[in-house]
Amino acid sequence: MPTSTADLIVGVDEAGVGCWAGCCFVAAVAIDRGVILPECVKDSKCVSDIRMARAVVQRSAAHIFVERASVRLINDLGIWNAWQRAMKTLLGRVERLDANLEVIIDGNRPVPGRMGRCVPRADKTIPVVGAASIVAKDEQLWSMWVADQRHPEYGFDQHHGYGTSQHREALETHGICDLHRTGYKPIKAVLEARRP
């Protein structure tokens, strides 16, 4: 954890940017200065039990915020514009905390406003950002489980909306559904192939 004079250290990360289907989620986790997160709190890609890790994060955090970019918004604006809008809303909520803040955002993509600093691979090196990645991933996985209840033919609970061979085969068999991101090249290809 970086040395800081801030009252709250805030980590920010996302999940689901690269998916072919479903929402994209951004999350912020704020912890009190001096709190040391348990070792199980790390980059979500290195966590075997996201639900358990999320519970640990919730016990340690002073505040947790989550925003999502809906499929409709992604299809209307494109993923990065939709991501920017969700991030702007999220950081606006963080900014309203009545505290001296240090905000660390995973990645190097410019974020709206001047709040926070971007750190590439922060989810791997700064535990509070890893905590945010866990929260965002848990939200994304839950949304894909719900999607699977509506559309079991796609296997969303297994590939979680990402571009796997299983997902591609389901698209070839069933076409797209309302959860697919129509601006993504593989989804566009399916639409083109099915056009009369």
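Numbering-wise, my numbering puts 10 at position 9 of the sequence shown, and it's gapless, one number per residue. Where a beta carbon is used, it is the ideal one built from N, C-alpha and C, also for glycine. Bear in mind the structure is a predicted one, so any value in this text is a computation, not a measurement.
Between the alpha carbons of residue 116 and residue 104 lies a distance of about 7 angstroms. Counted as a single uninterrupted DSSP element, the beta strand (DSSP E) harbouring residue 103 occupies residues 102-107. Checking the DSSP bridge columns, you'll see residue 26 partnered with 16 and 69. Counting along the chain, no alpha helix (DSSP H) covers residue 42, and no H or E run does either.
Partner residues in the beta bridge of residue 10, as assigned by DSSP, are 32 and 103. Spanning the alpha carbons of residue 169 and residue 158 requires a straight line of approximately 15 angstroms. When secondary structure is reduced to three states using DSSP, residue 175 falls in the helix class. Counting along the chain, residue 120 sits inside the beta strand (DSSP E) bounded by residues 118-120. Just so you know, the alpha carbons of residue 42 and residue 124 end up roughly 10 angstroms apart.
When the five nearest sequence neighbours on each side are left out, the beta carbons in the same chain lying within less than 6 angstroms of the beta carbon of residue 140 are those of 26 and 67, in order along the chain. For residue 152, the three-state secondary structure derived from DSSP is coil. A Cβ-Cβ contact shorter than 8 angstroms links residue 16 with residue 45.
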